[in-house]
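What follows is a short report on a single structure.
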Amino acid sequence: MAQFTMGSFIRWSSSMRQSVTSQTRSYASKSAIPTFAPTSSPELDQLLNRFRQDRFIPSGLPNQQRRNTFKEKHKQRLEEEPITVAISETEDFTLRPMTINELPTKSDAYEVLRLIAVNNEWKALVPFLSGLYMSNLRLSNNRLEQLVRKASDAGKLPIIMECIRQSHRTGFYLRDLGVVKRLFFDIHVLAQNGDFKGVAVTKALNMAKQAVDLMNQYAATHSSSVKADIPQNQPFVIGTLLELSAARAISDFGGKDQANEVLSYARKLVAAWPIFQEQSKKAVADDFPSARARAQETLAVYNGLRLSLSIHGLALDKELHASVTQCLAEAKSELEKVSGALERSPIEELVLSILKG
Numbered sequence: 076m077a078q079f080t081m082g083s084f085i086r087w088s089s090s091m092r093q094s095v096t097s098q099t100r101s102y103a104s105k106s107a108i109p110t111f112a113p114t115s116s117p118e119l120d121q122l123l124n125r126f127r128q129d130r131f132i133p134s135g136l137p138n139q140q141r142r143n144t145f146k147e148k149h150k151q152r153l154e155e156e157p158i159t160v161a162i163s164e165t166e167d168f169t170l171r172p173m174t175i176n177e178l179p180t181k182s183d184a185y186e187v188l189r190l191i192a193v194n195n196e197w198k199a200l201v202p203f204l205s206g207l208y209m210s211n212l213r214l215s216n217n218r219l220e221q222l223v224r225k226a227s228d229a230g231k232l233p234i235i236m237e238c239i240r241q242s243h244r245t246g247f248y249l250r251d252l253g254v255v256k257r258l259f260f261d262i263h264v265l266a267q268n269g270d271f272k273g274v275a276v277t278k279a280l281n282m283a284k285q286a287v288d289l290m291n292q293y294a295a296t297h298s299s300s301v302k303a304d305i306p307q308n309q310p311f312v313i314g315t316l317l318e319l320s321a322a323r324a325i326s327d328f329g330g331k332d333q334a335n336e337v338l339s340y341a342r343k344l345v346a347a348w349p350i351f352q353e354q355s356k357k358a359v360a361d362d363f364p365s366a367r368a369r370a371q372e373t374l375a376v377y378n379g380l381r382l383s384l385s386i387h388g389l390a391l392d393k394e395l396h397a398s399v400t401q402c403l404a405e406a407k408s409e410l411e412k413v414s415g416a417l418e419r420s421p422i423e424e425l426v427l428s429i430l431k432g
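Take the sequence shown: its position 92, counted from the start at 1, is 167 in our numbering, and no numbers get skipped.
Dropping the structure here:
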């Protein structure tokens with residue numbers, strides 16, 4: 076009986092090695108297991124290493140090796156004769172018995188994100204989100220909004236755009252209205268902080284265009300039956316594009332509309348105006364959170380309409396000119412309506428600076 080048990084163990088070890096060799100070669104060429112450069116925070120380094128060793132690598136193993144790692148029946152065998160797996164051309168990983176309960180949790184992930192922001196180590200964000208996504212640990216939309224805000228405050232909005240560009244790896248898709256609203260508001264702020272001129276407005280416009288392109292790519296494979304729920308159809312998205320394209324035309328081209336870009340966005344915004352009006356009915360003007368959200372939606376819309384009136388060629392289209400003028404009046408009224416609830420807040424400063432502009 077003892078000989079049979081030993082023989083079974085030897086055969087198991089041999090089959091494990093053969094399985095490892097055959098599976099890791101194809102896996103290694105598609106390796107999605109992230110790596111992390113050292114940061115300025117030992118605490119962050121320790122947490123990143125823990126996630127990589129205890130969650131990302133086990134999640135990235137071939138199915139058979141992952142089962143062997145987490146199945147209780149293989150625990151003693153792995154302890155007595157550990158198996159080494161090649162997870163890339165330059166790195167090996169030794170399988171060890173693990174349980175689901177000892178894996179890093181979503182709360183641990185939030186702590187990593189906090190440390191990334193506190194220590195300004197944003198270079199770790201893309202690989203960390205990639206690891207979370209491949210290990211089926213999903214962040215809430217509220218958490219993604221918070222990430223956008225913190226990155227924007229740190230001047231790291233391009234890092235967020237890189238996460239979105241690599242959405243197939245990071246899971247950072249622009250499909251939630253709240254996340255899209257936060258992103259486009261911060262793109263607006265980026266341009267406003269640069270007085271809507273030069274490099275700042277060009278950079279912001281490129282970000283906004285790329286974000287819309289990515290949303291269109293997503294929409295091509297995921298349909299929605301409600302037009303108003305599609306992020307790229309939102310007035311605040313179209314308004315931001317109108318604002319930035321008009322500002323660049325004024326700053327860089329003397330008010331000339333290159334390729335009729337400004338007029339095109341103006342027409343799209345006018346066509347989307349019923350959505351703006353419907354959202355206005357739902358806004359609560361004397362409630363600070365609601366007023367702040369509405370102000371964030373309306374700032375770029377108002378400024379885009381205002382700037383577009385200075386663009387050469389708009390006055391020649393009398394119908395469009397009249398529609399833009401009417402929409403501008405409604406947008407201004409909307410900002411004035413919510414401004415009372417914004418007193419002595421940072422968003423009020425943005426509102427006042429745009430209204431005075």
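Using N, Cα and C, we set each Cβ at its ideal position, and we do this for glycine too.
Beta strand (DSSP E) segment containing residue i, residue limits
{"i": "D327", "result": "Segment P310 to F328 is the alpha helix (DSSP H) holding D327; no beta strand (DSSP E) there."}
Under 8 Å between C-beta atoms of residue i and residue j
{"i": "E127", "j": "F145", "result": "Contrary to the premise, residue 127 reads as Arg rather than Glu in this sequence. No, they are not a contact pair."}
{"i": "A347", "j": "I313", "result": "yes"}
{"i": "R130", "j": "P179", "result": "yes"}
{"i": "A360", "j": "A366", "result": "yes"}
{"i": "L410", "j": "A370", "result": "yes"}
{"i": "T315", "j": "E196", "result": "no"}
{"i": "L123", "j": "A199", "result": "yes"}
{"i": "Y377", "j": "A416", "result": "no"}
{"i": "V160", "j": "Q139", "result": "no"}
{"i": "Q401", "j": "E372", "result": "no"}
{"i": "Y340", "j": "L317", "result": "yes"}
{"i": "E154", "j": "P172", "result": "yes"}
{"i": "I239", "j": "L289", "result": "yes"}
{"i": "Q307", "j": "N281", "result": "no"}
Start-to-end residues for the alpha helix (DSSP H) that takes in residue i
{"i": "F126", "result": "P117 to F126"}
{"i": "W348", "result": "W348 to K357"}
{"i": "K225", "result": "N216 to D228"}
{"i": "M282", "result": "G273 to T296"}
{"i": "S420", "result": "Taken as a continuous stretch (DSSP letters only), S420 belongs to no alpha helix (DSSP H), as it is neither H nor E."}
{"i": "M209", "result": "L200 to M209"}
{"i": "L403", "result": "K393 to S414"}
{"i": "T144", "result": "N138 to F145"}
{"i": "Y377", "result": "F363 to S383"}
{"i": "E177", "result": "E177 -> no alpha helix (DSSP H), and no H or E assigned at all."}
{"i": "G135", "result": "I132 to G135"}
Identity of the residues DSSP links to residue i by a beta bridge
{"i": "D167", "result": "A161"}
Euclidean distance between Cα positions of residue i and residue j
{"i": "T99", "j": "P310", "result": "Its pLDDT being 36, under 50, T99 is placed unreliably in this model, and the value from its coordinates should be taken loosely. Distance between the alpha carbons of T99 and P310: 49 Å."}
{"i": "I429", "j": "F260", "result": "13 Å"}
{"i": "R250", "j": "I305", "result": "8 Å"}
{"i": "V301", "j": "L380", "result": "Since pLDDT at V301 reaches only 49, below the 50 mark, its modelled position is unreliable, and no value is offered."}
{"i": "T96", "j": "L170", "result": "Because T96 carries a pLDDT of 41, less than 50, the predicted location of this residue cannot be relied on, and the following value inherits that uncertainty. Distance between the alpha carbons of T96 and L170 is about 14 Å."}
{"i": "V264", "j": "K357", "result": "25 Å"}
{"i": "S420", "j": "D228", "result": "16 Å"}
{"i": "T296", "j": "R213", "result": "21 Å"}
{"i": "K284", "j": "P233", "result": "13 Å"}
{"i": "M236", "j": "R152", "result": "46 Å"}
{"i": "Q267", "j": "E424", "result": "12 Å"}
{"i": "L256", "j": "L389", "result": "It is Lys, not Leu, that sits at residue 256 in the sequence shown. Roughly 28 Å between the two C-alpha positions."}
{"i": "S182", "j": "V276", "result": "37 Å"}
{"i": "G253", "j": "G269", "result": "25 Å"}
{"i": "V287", "j": "N211", "result": "26 Å"}
{"i": "F363", "j": "E394", "result": "36 Å"}
{"i": "V345", "j": "Q352", "result": "11 Å"}
{"i": "A184", "j": "T174", "result": "18 Å"}
{"i": "Y208", "j": "G329", "result": "46 Å"}
{"i": "Y248", "j": "Q333", "result": "30 Å"}
{"i": "S89", "j": "L204", "result": "Only weak support exists for where S89 lies, its pLDDT of 49 falling under 50; the value from the coordinates is given anyway. Their Cα atoms are separated by approximately 36 Å."}
{"i": "R224", "j": "G206", "result": "22 Å"}
{"i": "P117", "j": "N176", "result": "25 Å"}
{"i": "D392", "j": "N194", "result": "52 Å"}
{"i": "V413", "j": "D120", "result": "44 Å"}
{"i": "F168", "j": "L222", "result": "32 Å"}
{"i": "E418", "j": "A404", "result": "22 Å"}
{"i": "G432", "j": "K272", "result": "14 Å"}
{"i": "I350", "j": "K343", "result": "12 Å"}
{"i": "V399", "j": "I262", "result": "23 Å"}
{"i": "N143", "j": "A226", "result": "40 Å"}
Closer than 7 Å: residue i CB and nearest the ligand MN heavy atom
{"i": "E318", "result": "Looking at this structure, you won't find the ligand MN or any other ligand, since it has none at all."}
Within the chosen definition, does the region 370-387 reach the region 318-332 through at least 3 CB pairs nearer than 8 Å? yes
Counting beta carbon pairs with one atom in the region 218-234 and one in the region 184-204, are three or more of them shorter than 8 Å? yes
Assess, as a yes-or-no matter, whether the region 108-123 is touched by the region 131-142 under the definition of 3 or more beta carbon pairs within less than 8 Å. yes
Inter-stretch contact (C-beta, 8 Å, three-pair minimum) for the region 223-243 and the region 158-175: no
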